[in-house]
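Report on the following structure.
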Amino acid sequence: MINPQPTILNAETNGAVLLRMIDEIQDYAIILLDINGNIQNWNAGAARIKGYTEQEILGKNFELFYVPEERAVKPRQLLKTAAAVGRAADEGWRQRKDGSRFWSRITITAVHNANGEVIGYGKVTHDLTDFKKAQQARLLEIRNQELSEFNYIASHDLQEPLRTVINYVQLIKEDYYNTLTTDVATYLGVIENSAERMSKLIQALLQYSQLGQKSTTVVTDLNLLVKAVLEDIGSLLSATGAQISVEPLPVLKVYSVELRQLFQNLLVNAVKFNRPGVAPQIKITAVPLNGHWLLAVHDNGIGIEQKHYTRIFHVFQRLGPQPQQGYGIGLANCKKIAELHGGQIWVESEPGAGSVFYFTLFNELI
Ligand code: ADP
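Heads up, the sequence shown stops at 1014 in this note's numbering, and the numbers go up one at a time, no gaps.
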């Protein structure tokens, strides 16, 4: 059977229809970039996904769509790859005009002239935020299930034998009080302290695993929240002669109990890890940054070597000789709390001069 003859459009009409089709596609952002990544043209889908009008965006560099922490490197790298091999692909969080983030899958294709030289790039972006959120929700569900199993083990199975050890040590001490040699009494003391410490470590781990599980966000004035923390640790501050300055802080929707704990951990550390003979000077700052807040706790303490910048945020990691009590879980809690708010936490420091602990809180996720 002979197929009916399809409508043949002449080349010019064909091109115009293609452009119209591209322009009207809603689910994909289709953007033409010049050789330097400046935006030459884009379709309705791009305006919808990114939130800029055509007038606002034409001529701007496409790096504007990247989140601040990736903006300096990633867009340039992608263009370089596309120029070298014809195509570059990526998936990750991008940023709309209002600062909110969306999960996108992109492909950048190099456009060549008749001599095979790169004259620009075509960029196609697919907004996969809904898919990503569903995936994250599923992962979270699995993680929560694992955590509740762990919580049960930690609170019952691990604590039980420790309680028995502690009880029996106490029994020996009571029943044989008069007959114990000094050595045996010392050994029993060591067993008791170690068992107590292990019990505390398990409790700390349990608390860490439960962080944020049962709480919800509430609109909170961070100025008041920090004020309450400073009151709570008032005796530590006055005993060490610590001086604290707090810049104006925002009002945000946050997990307030957890955020209070984060500030408390950072402030106690800022006092605890001071230089001998130097009174702690601590400053809390906050700056808005494209839809999120960058907060920081600055101190003038002993500082941290760069090689430990990541390690200190892991559970039970502590550095060097430790004059003070601690379980090495405070910063791991802080990391989890920052992540609960869609943010991150990191440190910058100069050994012997002081440290700055930075963390971000995202508006759109909280
Ligand atoms: P802990 O305070 O219980 O030891 P953390 O998790 O709070 O545990 O901190 C981990 C380690 O990071 C600390 O043991 C210390 O070595 C280092 N640290 C944390 N805060 C500071 C600070 N402000 N200045 C210098 N070192 C710090």
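Yeah, the Cβ is synthetic: ideal placement off N, Cα and C, and Gly gets one too.
Helix, strand or coil for residue i per DSSP?
i       : result
Glu605  : The structure shown does not extend to residue 605, since the chain spans only 649 to 1014, so no value can be given for it.
Val963  : coil
Thr888  : helix
Pro928  : coil
Phe713  : helix
Thr827  : coil
Ser997  : strand
Thr923  : Sequence inspection shows Arg at residue 923; the Thr mentioned does not correspond to that position. Coil.
Ser796  : helix
Gly1002 : strand
Lys780  : helix
Ala720  : coil
Ser752  : strand
Gly693  : helix
Ile705  : helix
Gly663  : helix
Leu681  : strand
Pro971  : Caution applies to Pro971, whose pLDDT of 48 falls short of 50 and renders its modelled position unreliable; the value that the coordinates give is listed next. Three-state DSSP puts Pro971 in coil, outside helix and strand.
Lys848  : helix
Suppose you measure from the CA of residue i to the CA of residue j; what does that come to, to the nearest Å?
i       : j       : result
Val995  : Tyr957  : 6 Å
Val665  : Asp671  : 10 Å
Leu942  : Gly837  : 46 Å
Val899  : Pro723  : 33 Å
Ala927  : Lys920  : 11 Å
Gly991  : Gly978  : 17 Å
Leu849  : Pro716  : 37 Å
Pro809  : Thr868  : 42 Å
Tyr975  : Tyr824  : 33 Å
Glu822  : Ser997  : 50 Å
Leu907  : Asn662  : 59 Å
Ser1003 : Glu794  : 35 Å
Asn871  : Asn938  : 21 Å
Gln965  : Ala720  : 32 Å
Ala890  : Gly1000 : 17 Å
Is residue i near the ligand ADP, going by C-beta to nearest heavy atom under 7 Å?
i       : result
Lys920  : yes
Tyr1006 : no
Asn593  : As displayed, the chain neither begins before 649 nor continues past 1014, which places residue 593 out of reach and without an answer.
Leu810  : no
Arg923  : no
Leu666  : no
Ile960  : yes
Kindly give me the distance between the Cβ atoms of residue i and residue j, rounded to whole angstroms, as I take these residues to be in contact under 8 Å.
i      : j      : result
Asn917 : Thr888 : The pair is not a contact, with the Cβ atoms about 12 Å apart (cut-off 8 Å).
Arg735 : Ile756 : 7 Å
*Taking 8 Å as the threshold, find out whether the region 882-900 comes into contact with the region 849-862 through three or more Cβ pairs.*
no
*If we count Cβ pairs, one from each stretch, closer than 8 Å, do we get three or more for the region 676-685 versus the region 771-791?*
yes
*For the region 696-707 against the region 782-794, are there 3 or more C-beta pairs whose distance is under 8 Å?*
no
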